[in-house]
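Counting in full-length UniProt numbering, the sequence shown runs from 1 upward without gaps.
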Amino acid sequence: MSSTLERKVFKDGVKPSRKILESKSLKKTLVGGLSVAATAAMLGVSGAAMATDATTEVATADEITATNANGLLESGETGTVTVTVNTGGNASFGTAGGADAITTSESGGVTNLVINATEGATGTTITWAEDINVKGNAGNTLEINHTDTSGTFEGSIIAAVVGNTTTITAGAADSSATTHTLTFDSKANEDQAIDAVINALEGGDTVNISITNSDSVAGNTTTFAKAIGGATAANAIDTITIGASTTTTFSGTVNATTITNSSANTTTFSDDVTGNLDFAADGTASIAAAKKIDGSVDNKTGADGAGTLTIGATGTLVAVSGTVGATHSLKAITVDTTGGVATFTGAVRAVDFTETGGGGVTLTDGGTFTNYTSAGDVTITNNSLDLAADGTITIAAAKKIVGNVDNKTGADGAGTLAIGATGGTVDVVSGTVGATHSLKAITVDTTGGVATFTGAVRAVDFTETGGGGVTLTDGGTFTNYTSAGDVTITNNSLDLAADGTITIAAAKKIVGNVDNKTGADGAGTLAIGATGGTVDVVSGTVGATHSLKAITVDTTGGLARFGGNVKTTSFTATGAGGTAFTVGGTFTNFTSAADVTGGSAALDINGNVNFSAGKLVAGAGHLTLAGSTISAAMTLATGKDVTFDGTAAQTITGLIDGTNNLGKINVTNTAGLVTFNSKIGSSSAVGSFAIGASQVQFEAPVVVGSNKLTIADGATITVGSGITIGTDTLFTTTNGGANITDGGTVDGDGTADITVNLPASFSEGTLTFIKDTITDLDTLTDEFAVTDTALVDYTVQSNADKKIIEITATKQTQAATMSALGVSSSQADAIQAAVAITGDSEAVTAISAIINAAAAAGATIAQKAEATKVAKQVVAQADTLSAASAASVGAGAKAVGAASSRLAYLRSGVQHASVGQSGFSSGDSAGMAPNSWIKTFGNWASQDDEGGVDGYDADTYGFAAGMDAEVYENVRAGVAFSYSNADIEGNGAGDSKVDVENYQVTFYGDYTTDMFYVEGMLGYAAGNNETSRQINAGTLNRTPTAAYDSKQYMFSVGAGIPVDMGNDITVTPKGSVSWTHVSSDNYVEANAGNLGLKVNPDDIDSVVASIGAQIHTKIKQGKGHLVPSAYVGVNYDFADEDASASYSFIGGTTTSIVNGMENEEFSSNIGLGLEYEVDQWSVGINYDGQFKSGYDSHAATLQARYKF
């Protein structure tokens, strides 16, 4: 029966609005224990349609055998009321949106309604189609036992009065194993509030829970207010399946074998979870603060990176006792460790792991992530903190990782470890880093203290900021390492795994070893910042396994010390603090700006040495230098040696001094010339100097102290141009220090065992070769072999007191040089001058080497030919000197000839080579009508070698154009402009070339009658000349070039008398005299160093008289006439001047004369022409040839004229 309160509230028999009743806030209020009276007070104002209570009254021992849409109502009994539902098949109670499925409303006493859903057959399902509402008296209970059935709950389960409870049990209390599924479906587009304890009856049955939202309307929620699965295995649910489109909250504990979350929404667990949680969709499982999962969490979606696990503030607890992401990694894990450490007992796999709160995380069996962000310490008991992709592990300031960090992507160079400010001395990682594969990057902020990595560390890039320093207890392997503080390596070394860089900050150091572990020498760079004081920049070895590629150290502020042996290809020290090697080192190239001191082992430099300041100081381990260029001052102390043992030529620049007449220099290089450019022992004599069977050149004097100068048999001593003849002494020895032979050869035996090469500039005077303060040296003079050259004769002798060996040079005679080299007298003088030039040692050395080789005993034909070649190349080239003058004169003659040809055309009458009828000879009156013309020409000349002067070939091209008019009767005057370009190539050894451009103006005129003509021309030409030649003998390869201007003046007068031979044939005897003057500027060659020439060409004149005869005829052809012609003549040059010039070397003072080809006065000419004239137009072609001894010239002319 109904209570008075219920009747008042529901006096019209209608329940409050279902929608309001089913609201989330109201259900939670009801679940929390709000009284019926309070509910009535809240809802009594509603006038909306309301769902009804169930109306089918049940009593104890009732058996329900059929579906009942009105629901089951217990309102009239107290105590235990047991009802059996046995419909024999599927059945449904209540109506969605209508009657409750079950209502208990007894208020007269406590009622315990027990509904046993047996069905009579397993596999059937009872559907509770609306709410189950336990109200009435406080303490009323409802038990629903699905013994042989499954159940579907489509409404809420409401305890409307505080103290009222509902318990749902599934399973049969017998030995049969049955399967039961309890389904909670928010299908009615409403939220569900399930205020019921749900248990399995016993462990032998299979009990499943399915949570669905079959209408798939977003926003519907299902909330379980009480515990699910009890506290024992017998009461545990086998599976809980959270369906798609559901949002579920478990407010009580959950005990299930497996919880499968297929929802993409958030599933909330407000209490502990016992069992395995599987993600079947990319949803979120949220664990409340201080709660845990006693089981595993897995991603069963079929692919990595799905499912998010969020864990509230933990305190200290085991957040997940099992594995996480064993099948597939989760997308994200977030854990709030406020209040304590969160422990994950099993292996953990997720794309992103984020810790907040700062309590720290313990990964007992390790973890694999793409990104890991910590706010506290990370502890890995077994395995490691692994990166599965190129992500980031971020460790908060003052926090650490206890355990290993690894890259498990399958390849080196993935993943970043970022460690926040240490804040003190912190073991930031207690285990290894990158053991399987190296990380891409490690960054650590050491602000406040040292960051210690206890295990071996491997990463591509390691960057320290903050300056607190890093300790790598078991070493590390990197491509690039950048420090802001000291680096300490307790075991193993700081290794470079690729050709990267270790960068050490200013005033910081490496305590331990640095090595190249790439597998080959010459990889990796160590860059050390400004020392700022005396710093042991590296306490251990560098490059022990394989040498580094480079070491750079800035010694600004103090000395940089290397405590172990150092091996690198290149070493560069900047700053003024200096460098010290406690042990020693092996280098290829060494550069320093301050002192460098060797240590107990050899300082072995196999490449170049370059000191911009400071000195190289030999230590107890000595210096061994094999580089080709060594630029460093050196200091040798007692028992300290420097050995030059290169395998090719070596050049040493820098003062070398001993200490208290002690210290030794050894030259053992037998593969190339060893050149000392600076003084040795000038401030403090070296103790001894031992020269093996080597080639050694000295550009400055040597002083040897208390021990000996030793020169072995087979040695070659070259005296460089830096030794001042007559002033310097090459070797000064004290205390009987000269020991010229190294055993085996008897001094004074008349056999020369040591070769001495002398500078080519040493052509006269005496060189003090060796001077000793005690020992007589006269018996040693025969030990030195000095080879005379084609230029100089040398004598080795001792002075009067026998303490000096000197070498005297005497010039060879001109005749001897001419004979030896096969050159002219001027070339012999020039080669003597060439080897005496200053400021161009390369040229002097190269020329001297060629000359000396040609003069040596057994010289080959090729060596002698090379000497002749260089003697001919260095002088001014006579071939093109002649050709340039000839080309200028010839170009002027062509321009004058063009004007003469023009005048010939204008002469009319049968007696002239023209048929025009507008000329003055035809009887026309005089007039000023202008006429213009243009003519192109080309000339090809070849001159044979003559009289010891090489010939040449010259090609000239140009044009002439003019305009003229009749100014008086029988008198015509005009002006012409011409341009020509001549390319000249000489045949001599210098391969000389000249390019001549002439720009000429010619004034011309004539007086013509029918019996004779007289003509005259006056011209001026400006020339631009460019010259080049080759000096490519021996090691020389230079191309001297020059450009200069020239001027040319011309005058010509001629006459002719035409004779009519009948049959339209005319013969014209003619003659002329022409004068040409050519003046060229002085010039200086470029691109040849001091071997270039300063040239002063002489002016040249030509006075040529010519006589000859021309024959022509006219042949009617169409509207015009063809005029063929021929000419033959002879010429004689009365000036008979040869081209000549004076010259000297830029680096010399001797002036020489070069004469060009001897002028041949007599020459002959032939000419052929063919012209076609019609009306005012004419076109024609002419050939002219000039011939003389060894010379021929061929010219072709195209011309066109127009009469106005």
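We put the beta carbon where it would ideally sit given N, CA and C, even for glycine.
The straight-line gap separating the alpha-carbon atoms of ALA498 and THR525 is approximately 10 Å. No Cβ-Cβ contact shorter than 9 Å links ASP950 with GLY890. The Cβ-Cβ distance between PHE689 and VAL702 falls below 9 Å. GLY1118 counts as exposed, since fewer than 16 other C-beta atoms from the protein chains shown sit within 10 angstroms of its C-beta. In the three-state DSSP reduction, SER882 falls in the helix class (H, G or I). By a beta-carbon distance limit of 8 Å, THR446 contacts GLY485. Their separation comes to about 5 Å. The three-state secondary structure of ALA846, taken from DSSP, is helix. Between GLY598 and ALA632 the beta-carbon gap is near 12 Å, outside 8 Å, which marks them as no contact. In this structure, the CA atom of GLN814 is about 38 Å from the CA atom of GLY692. In this structure, DSSP gives LYS894 a helical state, which the three-state scheme calls helix.
Between the C-alpha atoms of ALA700 and ALA520 there is a straight-line separation of about 41 Å. For VAL351, the uninterrupted beta strand (DSSP E) segment begins and ends at 348 to 356. Under the DSSP assignment, THR817 falls in the alpha helix (DSSP H) whose first and last residues are 814 to 821.
If you draw a straight line from the Cα of PHE279 to the Cα of ALA306, it is about 8 Å long. Residue pairing for THR392: DSSP places it in a beta bridge opposite THR416. For PHE1012, same chain residues with a beta-carbon under 6 Å away, outside a window of 5 residues either side, are ILE1057 in chain order. Taking 9 Å as the cut-off, the beta carbon of TYR1020 is found closer than this to the beta carbon of LYS1047. Partner residues in the beta bridge of GLN697, as assigned by DSSP, are THR675, THR718. For ASP829, the enclosing alpha helix (DSSP H) stretches over residues 825 to 834. Minimum Cα-Cα distance from ILE168 among the listed residues THR488, LEU472, ALA196, ALA459 corresponds to ALA196. Per DSSP, the continuous beta strand (DSSP E) segment holding VAL405 begins and ends at 401 to 407.
If one requires a minimum length of 3 residues, the beta strand (DSSP E) runs lying completely within the stretch 744 to 785 are 754 to 757, 765 to 772, in chain order. Counted as a single uninterrupted DSSP element, the alpha helix (DSSP H) harbouring VAL870 occupies residues 861 to 873. Note that the C-beta distance between GLY619 and ASN661 is not below 9 Å. The shortest CA-to-CA distance from ALA1141 to any of LEU1093, HIS1121, VAL535, HIS546 is the one to LEU1093. When C-alpha distances from THR586 are compared across ALA550, ASP595, GLY557, the shortest belongs to ALA550.
Take the alpha-carbon of LYS1188 and the one of TYR968: they are about 41 Å apart.
When DSSP reads this structure, ILE804 sits in a beta bridge with LYS771.
Relative to the Cα of THR314, the nearest Cα in the group GLY359, LEU277, VAL348, VAL324 belongs to GLY359. Here ASP185 is not near SER156, since their CB atoms are 9 Å or more apart. Cα atoms of ASP1136 and SER1102: separation of roughly 7 Å, rounded to the nearest angstrom.
Considering only SER592, ASN589, ALA244, VAL542, the residue with the shortest C-alpha distance to VAL583 is VAL542.
A distance below 6 Å between beta-carbons, with the five flanking residues on each side excluded, links GLU1161 to the following residues of its chain, in chain order: TYR1132, ASP1133, ASP1136.
In the DSSP assignment, PHE731 falls within the beta strand (DSSP E) that extends over 729 to 733. Taken atom to atom, the span from the alpha-carbon of LEU821 to that of PRO1097 is near 27 Å.
Excluding its 5 nearest sequence neighbours in each direction, THR82 has C-beta neighbours in its own chain below 6 Å: THR60, VAL114, listed in chain order.
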